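Accompanying notes for the structure given below.
Numbering (my numbering), first residue to last: 157 to 555.
What follows is the structure in structure tokens.
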């Protein structure tokens, strides 16, 4: 992108498809990422290292396992453990996770997932003085703390794509997450004492409490072998309550980047009309996200494909104390804060994966500089600026 970011990411996967001779699938994944905002690598890089182990068992493990429902729907049990180390110029943290859940196909086009328990232990090892000063006066300071995140989640996926035929199809995914309710009610019931920050704790660490839900709908309209239109809408909201004053950082929404509003760098858009310059590593997040995308895809020649696209969206904070002016979602204002970008894309379809480059141009920028006259329509400004173009590189289609 135009900020000059340089980065690389690598993944290594191993899979055994018959671990205990009963069609159990065992996999190990290793991941590494390094990124710098300058044109050289240095000690201030963003660095992520992590790994996970997963075991998929082709039957339901739990009470009532002989029920017709579990047998008829071929319910699978999924167990996953993971660990991640993340170092950014702003902070350093680790995340250890353990998940136990189930997935099944309830019809030809519908897949459902239910994870009754997922435990994440988040430890903030270091926060830079500059970043701490930025967030200390806002609700974001509650997102960057060591905490335990216990989640029960459900997802519903509808996908009527026929891989054998070139037909139009719809993809829909709905997610629902609940966190911390049982721990909070249990703490209340036994009259447990609260810590100095007025939160209940588990193993001397505060636990989160929130509800989060989002929906993603994509429609692929196939015109012929060489042309198609793709439409996408996304809406999501997370609400912290009880033991939490803010969503955990990894549960907050962001916009921009290769799979969002592509005219903005990832995490550089919003919230609302928020304005700030000179961000080497943008890190903007919020509680609400709305996004819509349109893309016309066409064959050029050989394996080369092109795309013309329009993206719209933003993120917002929920109303509350310590919220920055212009960042809160308001029914009578939010539509004025929808960012708009357009651009062109070049893709190389290699069959087993697709290399993608997208050039996004800011058309409507809702950020308000209090020291200047508000002129959101970028093309009508007096001069062209390279900072209004964002370059994205990705593997696979954006949606």
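Virtual Cβ for every residue (Gly too), placed ideally from N, Cα, C. Fair warning: this is a prediction, and the values are worked out from it, not measured in the lab.
How many angstroms separate the CA atom of residue i from the CA atom of residue j?
| i | j | result |
| --- | --- | --- |
| residue 241 | residue 296 | 21 Å |
| residue 249 | residue 286 | 17 Å |
| residue 384 | residue 315 | 17 Å |
| residue 391 | residue 177 | 43 Å |
| residue 195 | residue 214 | Per-residue confidence for residue 195 stands at a pLDDT of 43, beneath the threshold of 50, marking its modelled position as unreliable; no derived number is given. |
| residue 301 | residue 247 | 11 Å |
| residue 561 | residue 188 | The requested residue 561 does not occur in the structure, where the chain is confined to residues 157 to 555. |
| residue 509 | residue 459 | 11 Å |
| residue 491 | residue 444 | 13 Å |
| residue 499 | residue 339 | 48 Å |
| residue 523 | residue 481 | 12 Å |
| residue 358 | residue 464 | 51 Å |
| residue 424 | residue 271 | 32 Å |
| residue 517 | residue 553 | 19 Å |
| residue 236 | residue 207 | 11 Å |
Could you say which of the options lies nearest to residue i if we only look at CA atoms?
| i | options | result |
| --- | --- | --- |
| residue 191 | 165, 175, 173 | 165 |
| residue 413 | 439, 401, 395, 398 | 439 |
| residue 396 | 365, 290, 323, 536 | 365 |
| residue 304 | 488, 469, 520, 407 | 407 |
| residue 317 | 468, 377, 354, 299 | 377 |
| residue 429 | 411, 493, 447 | 493 |
| residue 495 | 426, 168, 355 | 426 |
| residue 274 | 307, 288, 542, 291 | 307 |
| residue 485 | 446, 252, 288 | 446 |
| residue 333 | 551, 388, 394 | 394 |
Tell me which residues share the same chain as residue i and place their Cβ nearer than 6 Å to its Cβ, disregarding the 5 neighbours each side in the sequence.
| i | result |
| --- | --- |
| residue 157 | Only weak support exists for where residue 157 lies, its pLDDT of 41 falling under 50; the value from the coordinates is given anyway. If we look at residue 157 and ignore the five residues flanking it on each side, its Cβ neighbours are 421, 546, 547. |
| residue 170 | 184 |
| residue 370 | 331, 392 |
| residue 217 | 233 |
| residue 311 | 269, 331 |
| residue 467 | 417, 418, 449, 497 |
| residue 362 | 303, 355 |
Are there 16 or more other CB atoms within 10 angstroms of the CB of residue i, so buried, or fewer, so exposed?
| i | result |
| --- | --- |
| residue 533 | exposed |
| residue 354 | exposed |
| residue 472 | buried |
| residue 255 | buried |
Could you name the residues of the same chain whose beta carbon sits closer than 8 Å to that of residue i, not counting the 5 residues immediately before and after it, in chain order?
| i | result |
| --- | --- |
| residue 337 | 365, 398 |
Apart from the five residues just before and just after residue i, which ones in its own chain have a Cβ nearer than 7 Å to its Cβ?
| i | result |
| --- | --- |
| residue 506 | 459 |
The region 322-330 in contact with the region 273-282 per 3-pair CB rule at 8 Å
no
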